[in-house]
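Chain order of the listed sequences is A and B.
In this text, residue positions in the first sequence follow numbering that gives the first Met the number 0: the first is 0, and each later residue adds one.
In this text, residue positions in the second sequence follow numbering that gives the first Met the number 0: the first is 0, and each later residue adds one.
Report on the following structure.
Number of protein chains: 2
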Amino acid sequence: MTDEKEQWLVDLLRRLEDDDGKKTEKQIRIIEAAVEVFSEKGFAAASTSEIAQRAGVAEGTIFRHYKTKKDLLLSIAGPVAAKLFAPFLMRDFARLLELPYDRVEDFLRAILRDRLEFARKNMKLIKILVHEVPFQPELLAQVKELFTHIVVTRVEKAVKHFQAQGALKEIPPWRVIRSTVSQFVGMIVFHVFLAPDFPFDEEEEIERTVDILLHGIAGRPS
Amino acid sequence: MTDEKEQWLVDLLRRLEDDDGKKTEKQIRIIEAAVEVFSEKGFAAASTSEIAQRAGVAEGTIFRHYKTKKDLLLSIAGPVAAKLFAPFLMRDFARLLELPYDRVEDFLRAILRDRLEFARKNMKLIKILVHEVPFQPELLAQVKELFTHIVVTRVEKAVKHFQAQGALKEIPPWRVIRSTVSQFVGMIVFHVFLAPDFPFDEEEEIERTVDILLHGIAGRPS
DNA sequence: AGGAATAGTGAGTGATTACTCACTCTTGTA
DNA sequence: TACAAGAGTGAGTAATCACTCACTATTCCT
Numbered sequence: 000m001t002d003e004k005e006q007w008l009v010d011l012l013r014r015l016e017d018d019d020g021k022k023t024e025k026q027i028r029i030i031e032a033a034v035e036v037f038s039e040k041g042f043a044a045a046s047t048s049e050i051a052q053r054a055g056v057a058e059g060t061i062f063r064h065y066k067t068k069k070d071l072l073l074s075i076a077g078p079v080a081a082k083l084f085a086p087f088l089m090r091d092f093a094r095l096l097e098l099p100y101d102r103v104e105d106f107l108r109a110i111l112r113d114r115l116e117f118a119r120k121n122m123k124l125i126k127i128l129v130h131e132v133p134f135q136p137e138l139l140a141q142v143k144e145l146f147t148h149i150v151v152t153r154v155e156k157a158v159k160h161f162q163a164q165g166a167l168k169e170i171p172p173w174r175v176i177r178s179t180v181s182q183f184v185g186m187i188v189f190h191v192f193l194a195p196d197f198p199f200d201e202e203e204e205i206e207r208t209v210d211i212l213l214h215g216i217a218g219r220p221s
Numbered sequence: 000m001t002d003e004k005e006q007w008l009v010d011l012l013r014r015l016e017d018d019d020g021k022k023t024e025k026q027i028r029i030i031e032a033a034v035e036v037f038s039e040k041g042f043a044a045a046s047t048s049e050i051a052q053r054a055g056v057a058e059g060t061i062f063r064h065y066k067t068k069k070d071l072l073l074s075i076a077g078p079v080a081a082k083l084f085a086p087f088l089m090r091d092f093a094r095l096l097e098l099p100y101d102r103v104e105d106f107l108r109a110i111l112r113d114r115l116e117f118a119r120k121n122m123k124l125i126k127i128l129v130h131e132v133p134f135q136p137e138l139l140a141q142v143k144e145l146f147t148h149i150v151v152t153r154v155e156k157a158v159k160h161f162q163a164q165g166a167l168k169e170i171p172p173w174r175v176i177r178s179t180v181s182q183f184v185g186m187i188v189f190h191v192f193l194a195p196d197f198p199f200d201e202e203e204e205i206e207r208t209v210d211i212l213l214h215g216i217a218g219r220p221s
């Protein structure tokens, strides 16, 4: 039944796989240059002339492939939003709920590890998305829709599953989700964006973060 | 001894109190209009002509008080950065460490409550600061300096104090700080910026957030 | 090989930009 | 009251902006 309403999501993600479909070499260079300039200066302060210059292309070439500058932005930031939530749509994620012996910590560790890697590989794209989402209504709507659809249909189910199992406290799922997202985003923002040179053992850092999320920072006697 | 090196910080905050010093009525209107336009469109997409129009002022008047558009931005965003960290410099905060009977949860609740209120009252200003910090090196440097100075001299001391007391786990203070900031920022961003219409009992929400930070989301049996 | 579609070009365009400047108006002081 | 200093003005300016278009180069199908 989920496959009916979420078909568009699956389609969306499938389209992301072959997004290198039929692109000219120059068009690829335009996208690469746009990512550079957008992430460095922000969308509004980025000029099409600089993008063209960095791509080694005439300015008119940009507008052959993209109607407007905003079009170029959306063609870049849109897919990032989808990829950001992609792992929560994978089959493995749904199947996971059928494995009652799977421990929450393994589950959380896997997600954090995966999204940390994703953030590292896509720093500039994420920066562009986060920066422009408040000013581009289309982007905001897309992100909100992706997030709510995924959360209510998948993640919330997973939370309730683990709660029934006794692995998670019986608190409202949205609070569990918010705490987890806060902790994970905080960790990723710190290590990837704020202090990328801060030395750390990735596996241990993941484990400690999940441990704090699960058991808190209070002392033992409590 | 802290009073020597941190004199500049104290001075900075004192200057914020009487920042309404000798300002013309039109100058105040310019600042108000600038806050509006900057937060709506972003600094780069905001035009001085629109700011002047909204302030009911000639465009030249802006440049009588501010050398450049960037000057106007910095005069707005700079003080916000300082006010953001201000409560961690208050005398009460330092004195708190001399009260061994004070419980961590009361401490955390007070901070969260205070910063939540601050965020509500200064939504637009915070939005401007967060949005422009990555693109204005002066702002970034100021925020980093404020944060590190405050953290190492005050908050870290507080964490170690509570650890010695047995109220907090013996984990590296920076990890305690990161977890706390993550959880608090996540809570504030959700309630103030993402879902301001989401109905909630503020006091209970504060209590539940602090409880999750202290004791985690794991089920009792563990 | 031929011809149509698509990719690429770059000079040109009107609109908008941040900022200037010569000027007037207001305010405080002696 | 006289006068200096600052506040306020708005037309003006050079630069830059996103975007267009008439044209050429390349690719692709038959």
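The C-beta atom is built at its ideal place from N, Cα and C for all residues, glycine as well.
| Item | Value |
| --- | --- |
| I127/A vs V79/A beta-carbon contact at 9 angstroms | yes |
| Spatially closest choice to S178/A from G165/A, V158/A, A163/A, by CA coordinates | V158/A |
| Residue-chain proximity (V34/B, chain A), Cβ-Cβ < 9 angstroms | no |
| Cut-off 7 angstroms between Cβ atoms - residues of its own chain near F146/A, not counting five sequence neighbours on either side | F84 |
| Chain A residues whose Cβ lies nearer than 7 angstroms to that of V175/B | I216 |
| Interface flag, K156/A vs chain B, CB-CB below 9 angstroms | no |
| Closer than 9 angstroms to chain B by CB, S221/A | Its pLDDT being 45, under 50, S221/A is placed unreliably in this model, and the value from its coordinates should be taken loosely. It does: the Cβ of S221/A has a partner Cβ on chain B nearer than 9 angstroms. |
| Buried/exposed call for A163/A, threshold 16 Cβ in 10 Å | exposed |
| Neighbour flag for M186/B against chain A, beta carbons, 9 angstroms | yes |
| Residue closest to H160/B, alpha-carbon to alpha-carbon, out of V103/B, Y65/B, K25/B | V103/B |
| Touching by the beta-carbon criterion (3+ pairs, under 8 angstroms), the region 118-127 of chain A and the region 190-199 of chain A | yes |
| is_contact[K123/B, chain A] using C-beta, thresh 9 angstroms | no |
| Residue from S181/B, E203/B, A45/B, L167/B with nearest C-alpha to I222/A | For residue 222/A there is no data in the structure shown, the boundaries of chain A being 0 and 221. |
| Beta-carbon contacts of T208/B that lie in its chain and below 7 angstroms, excluding the five residues immediately before and after | L111, Q182, M186 |
| With 16 other Cβ atoms within 10 Å as the buried cut-off, status of E131/A | buried |
| L98/B burial status per 10 Å Cβ neighbour count (16 or more: buried) | exposed |
| Those residues which DSSP pairs with L167/B across a bridge | A217/A |
| Proximal chain B residues relative to L83/A, where beta-carbon distance stays under 7 angstroms | Result: empty, since nearest Cβ-Cβ is about 15 angstroms, beyond 7 angstroms. |
| Assigned secondary structure, L98/B (DSSP; H/G/I helix, E/B strand, else coil) | coil |
| V56/B versus K66/B: straight-line alpha-carbon distance, rounded | 16 angstroms |
| Inter-residue CB distance, I27/B and T47/B (contact presumed, cutoff 8 angstroms) | No, I27/B and T47/B are not in contact; Cβ-Cβ is about 17 angstroms, not under 8 angstroms. |
| Contacting residues, own chain, Cβ-Cβ under 7 angstroms from T1/A (five flanking each side not counted) | Residue placement at T1/A is flagged as unreliable, the pLDDT there being 46, under the threshold of 50; a coordinate-derived value is accordingly withheld. |
| Rounded separation between F134/A and R53/B - CA only | 20 angstroms |
| Sequence-distant residues of the same chain with beta carbon closer than 6 angstroms to I50/A, five excluded per side | A32, A33, V36 |
| Beta-carbon proximity check, A44/A vs Q141/A, cutoff 9 angstroms | no |
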